[in-house]
Amino acid sequence: MNKGQKRILIGALAIVGAIGYLVYSGIKETSVYFLTVTEASKSATPNQDLRIGGKVEAGSIKRDADALGALFVLTDEKSKIPIKYKGTLPDMFQENAEVVVQGKFDSSGLFKAHTLLTSCPSRYEAAKEEVAT
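So in the numbering used here, the last spot in the sequence shown is 197, and the numbers never skip.
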């Protein structure tokens, strides 16, 4: 290998290394743990960004007066976590709905969510039409 080829090889390796580092750091920053309600209530620490999946407990929804957010309880039938969400509520947000929240626990144990996603039903049933005879 001559001197010019070595420089090209070193430059190419530096570029590949930089791209690899950017991909790794991007994945590391955007990856968030997904836990059940029971796992989150046992192992989560304050100020740790988490995603928690569960069901909205019936009768627990208290909507904000300004209609931008709600206070509710998330459960997995074994444990419960109080959730405070600020933002526009999805249309499918209701009691017994499967939801995923992302946010952090505060020091009092309240989970402050900045993201709220509802799960779509696995299938939609068409409304029955009455046939006029």
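For every residue, glycine included, the Cβ atom is placed at its ideal position computed from N, Cα and C.
1. Please return the same chain residues whose Cβ sits closer than 8 Å to the Cβ of Pro110, not counting the five positions on each side in sequence.
2. Does the segment 127–136 come into contact with the segment 74–94, if we say contact requires no fewer than three beta-carbon pairs (one atom in each stretch) closer than 8 Å?
3. Lys142 lies in the beta strand (DSSP E); which residues open and close that run?
4. Return helix, strand or coil for Thr197, following the three-state DSSP convention.
5. Can you give me the Cβ contacts of His178 inside the same chain, cut-off strictly under 6 Å, excluding the 5 residues immediately before and after it?
6. In terms of alpha-carbon separation, which member of Gly173, Asn160, Leu153, Glu159 lies closest to Leu181?
7. Which residues bound the alpha helix (DSSP H) around Lys106?
Well, looking at it:
1. The sequence position of residue 110 within the sequence shown is 46, counting from 1. Same-chain partners within the cutoff: Lys168, Phe169, Asp170, Ser171.
2. no
3. What you label residue 142 is simply residue 78 of the sequence shown in a count that begins at 1. Lys142 -> no beta strand (DSSP E), and no H or E assigned at all.
4. Numbered from its first residue, the sequence shown carries residue 197 at position 133. Residue confidence is low: Thr197 scores 49 on pLDDT, short of 50, so the model does not pin down where it sits. Its coordinate-derived value is still stated next. The answer is coil: DSSP assigns Thr197 none of H, G, I, E or B.
5. One-based indexing of the sequence shown puts residue 178 at position 114. Result list for His178: Gly167, in chain order.
6. The count along the sequence shown starts at 1 and reaches residue 181 at position 117. Closest option to Leu181, Cα to Cα, is Leu153.
7. Residue mapping note: residue 106 aligns to position 42 of the sequence shown, counting from 1. Residues 101–107.
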